[in-house]
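Each residue of the sequence shown is one higher than the last, beginning at 114 in our numbering.
Notes to accompany the following structure.
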Amino acid sequence: MRVLGIETTCDETAAAVVRLRPDGTGEILADEVMSQIAAHAAYGGVVPEIAARAHVEIIDSLVARALRRAKVVARDLDGVAAAAGPGLIGGVLVGLMTGKGIALAAGKPFSAVNHLEAHALVARLSQRLAFPYLLLLASGGHTQILAVEDVGLYERLGATMDDAIGEAFDKIAKMLGLPQPGGPAVEARAREGDPNRFALPRPLIGRPSADFSLSGLKTATRQAALSIAPLRPRDVADLCASFQAAVVDVIEDRMRIGLRLFRQRVGAAQAIVISGGVAANGEIRDAMARFCAQAGVPLVAPPPALCTDNGAMIAWAGIERLRRGFIDDLAAPARPRWPLDASAERSLNGKA
Ligand code: KG4
Ligand code: ZN
């Protein structure tokens with residue numbers, strides 16, 4: 114089974130071809146990603162209109178390149194998958210329409226993939242991993258703790274009430290004059306900094322829910338910076354290290370609650386999985402490894418290239434869905450907001 118996957122929900126245009134191996138994992142035959150970071154750099158954030166135009170300009174040639182690298186043509190495929198949301202609607206429409214067009218022209222089944230579901234399932238592409246597992250999904254747009262019980266069966270145990278973790282890293286970087294995306298920049302500076310120099314808050318630590326709040330930490334970091342301005346490189350490094358240490362503590366505490374809720378509601382976890390761009394962070398990965406060792410649950414952290422937005426995860430989610438017979442209509446809509454957990458759709462924390 115070979116499926117083409119297309120991702121255009123944010124500022125990455127991506128197309129990939131993934132094959133289902135006999136052992137149930139995936140083989141990536143091609144994985145093309147074009148980042149638009151340069152196009153948005155002058156604005157300090159992703160500009161939806163610029164993103165949609167950039168996706169339109171590149172998508173056809175990117176898909177063609179992915180097919181060429183995978184040494185297949187469209188009629189060799191067993192299905193076409195495209196992210197149908199949540200995300201910036203202009204970009205989502207570009208990828209979704211492209212995917213539908215290819216599926217229609219080649220007569221292949223189509224899968225309208227939830228971008229969050231792709232982040233949630235990608236761990237099963239790179240290794241054998243059984244359900245159910247506890248997932249920390251942390252990126253620039255989303256921060257959620259989920260119980261992944263099966264394909265299509267997710268329960269949200271916690272979510273951010275304000276900023277996503279990656280978004281907080283990005284805003285701290287911007288404030289300190291570091292480049293975007295902020296996560297890798299802050300992590301690099303933090304390596305030379307003192308994590309104990311600034312006593313920053315750990316919001317919601319000790320609370321019985323698994324929710325996050327990052328805005329107070331962000332504000333406290335800004336105030337710490339203002340109180341010692343002008344900043345020398347040493348100060349920037351110390352601020353980055355102190356901020357990152359607070360985030361690590363918060364994640365560890367929230368995951369402890371998440372695992373407790375998981376055990377109450379679902380049972381034993383086969384693994385704890387971290388995914389999303391923030392999962393590329395070395396300190397966060399190390400903290401999760403320590404936490405999992407203590408909890409006696411294996412940690413699964415997909416390779417960083419599969420944690421950030423990519424086409425292979427969309428193709429893989431397509432494989433997971435299509436092989437279970439979940440085929441979507443070509444009328445499937447683009448959805449700017451699309452929570453994974455049906456009950457979450459009604460809650461206040463519906464932020465994707
Ligand atoms: O999953 P992703 O590629 O895109 C979406 O937001 O969907 O995640 C990008 C986010 C950005 O906010 C970026 O700053 C953050 O992930 N990120 C990191 C690191 N690498 C990327 N955050 C912390 N540490 C990192 N090393
Ligand atoms: Zn993402």
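All C-beta atoms in this analysis are idealised placements derived from N, C-alpha and C, irrespective of residue type, glycine included.
Just so you know, these numbers come straight off a predicted model, no measurement behind them.
If residue i sits next to residue j, beta carbons under 8 Å apart, how far is it from one beta carbon to the other, in whole angstroms?
i, j, result
"residue 453", "residue 267", "4 Å"
"residue 276", "residue 327", "4 Å"
"residue 138", "residue 240", "6 Å"
"residue 363", "residue 318", "6 Å"
"residue 271", "residue 323", "3 Å"
"residue 190", "residue 221", "5 Å"
"residue 171", "residue 147", "5 Å"
"residue 302", "residue 350", "5 Å"
"residue 511", "residue 187", "Nothing can be reported for residue 511: it is not among the residues displayed for the chain, which extend from 114 to 465."
"residue 449", "residue 158", "Actually they do not touch by this definition, with Cβ atoms about 17 Å apart."
"residue 150", "residue 173", "Their Cβ separation, rounded to whole angstroms, is 21 Å, which puts residue 150 and residue 173 out of contact at 8 Å."
When you measure from the CB of residue i to every non-hydrogen atom of the ligand ZN, does any distance come out below 7 Å?
i, result
"residue 422", "yes"
"residue 252", "yes"
"residue 153", "no"
"residue 168", "no"
Is the beta carbon of residue j closer than 8 Å to that of residue i?
i, j, result
"residue 194", "residue 116", "yes"
"residue 248", "residue 259", "yes"
"residue 227", "residue 429", "no"
"residue 394", "residue 300", "yes"
"residue 130", "residue 180", "yes"
"residue 340", "residue 308", "no"
"residue 314", "residue 291", "no"
"residue 223", "residue 383", "no"
"residue 426", "residue 235", "yes"
"residue 233", "residue 205", "no"
"residue 145", "residue 166", "no"
"residue 209", "residue 447", "yes"
"residue 361", "residue 397", "yes"
"residue 368", "residue 325", "no"
"residue 162", "residue 203", "yes"
"residue 185", "residue 211", "no"
Tell me whether residue i counts as near the ligand KG4, meaning its Cβ is closer than 7 Å to at least one heavy atom of that ligand.
i, result
"residue 391", "yes"
"residue 295", "yes"
"residue 353", "no"
"residue 191", "no"
"residue 394", "yes"
"residue 276", "no"
"residue 158", "no"
"residue 282", "yes"
"residue 230", "no"
Excluding the 5 residues preceding and the 5 following residue i in the sequence, name in chain order all residues of the same chain whose CB lies nearer than 6 Å to its CB.
i, result
"residue 106", "The question about residue 106 has no answer here: the residues shown for the chain are numbered 114 through 465."
"residue 154", "none"
"residue 311", "337 and 355"
"residue 365", "400 and 404"
"residue 462", "For residue 462, the predicted structure reports a pLDDT of 42, less than 50, and the residue's modelled location is therefore unreliable. A value from the coordinates is still provided. So the list reads 272, once near-sequence residues are dropped."
Considering only residues of the same chain and omitting the five flanking positions on each side of residue i, which have a CB-CB separation below 7 Å?
i, result
"residue 255", "229, 277, 389 and 465"
"residue 333", "313 and 314"
"residue 456", "none"
"residue 379", "245, 260 and 262"
Go through its chain and collect everything with a Cβ distance to residue i's Cβ below 8 Å, but skip five positions before and after it.
i, result
"residue 284", "276, 295 and 331"
"residue 416", "239"
At a cut-off of 7 Å, is residue i close to the ligand SAH when judged by its beta-carbon and the heavy atoms of the ligand?
i, result
"residue 279", "As far as ligands go, the structure on display features the ligand KG4 and the ligand ZN and does not contain the ligand SAH."
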